[in-house]
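In terms of this note's numbering, the sequence shown opens at residue 114 and continues consecutively.
Even for Gly, the Cβ is constructed at its ideal location relative to N, Cα and C.
See structure below.
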Amino acid sequence: PGGLSHLLVACARQHECQFVLETLRTCEAEFAATASTASEPTTSAADTGAPTGGVETSVLHWNVVLSSFVRANLLRTAEDLLEELEARADNAPRDVPSDGPSDGPSDTTRNVSRIAPDTVSYNTLLHGYAIEWGGGEGFAQRVQRFADLLGRMDGRGLTRDDTTYRAMLDLY
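Next comes the structure, spelled out in structure tokens:
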């Protein structure tokens, strides 16, 4: 995962937004395919030394992608990606291990679609709309989008932090 993070950050700095997004989706899809083909719950690829496909992604990786779109002034695309992550988290089935119900994921049931946006995800977009050139929109539109994002963040029960309040101050 560290190598993937470094790759994503390096590409994001070059504003290679689409490449970053495609790379992350490919890693996630390959990881999901590998996880879904695991047949023995007691023997993992790590135990046998066999290579696994893809890389398990996290919200950190997705936040790098969001940031790359914001830095490239593609705020609508970043917002679409945030909406996709929200929908995936809201619609993700609960993980159920092969031996019965559980309160959480097990080694044999990994569900990559459960990655939910966090405070950093929202703050990234809030900052984008707070700055003067935010998405090439007028001030009234940026204020409305900002308020909508705060509402969505609050609706998910995420805590506003110093970065959130700094973005609010930057907006005004």
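Distance from the CA of L194 to the CA of L282, rounded to the nearest whole angstrom, comes to 25 Å. The Cβ atoms of N176 and V233 lie closer than 8 Å to each other. C-alpha of M266 to C-alpha of V256: approximately 15 Å in a straight line. DSSP, reduced to helix, strand and coil, places T272 outside both helices and strands of the structure shown, so it counts as coil. E135 and R258 have their C-alpha atoms spaced approximately 26 Å apart.
Contact annotation: L137 and V183 have beta-carbon atoms that are not nearer than 8 Å. In the three-state reduction of the DSSP assignment, A229 falls in the coil class. One thing to note: S181 has its Cβ within 8 Å of the Cβ of V133.
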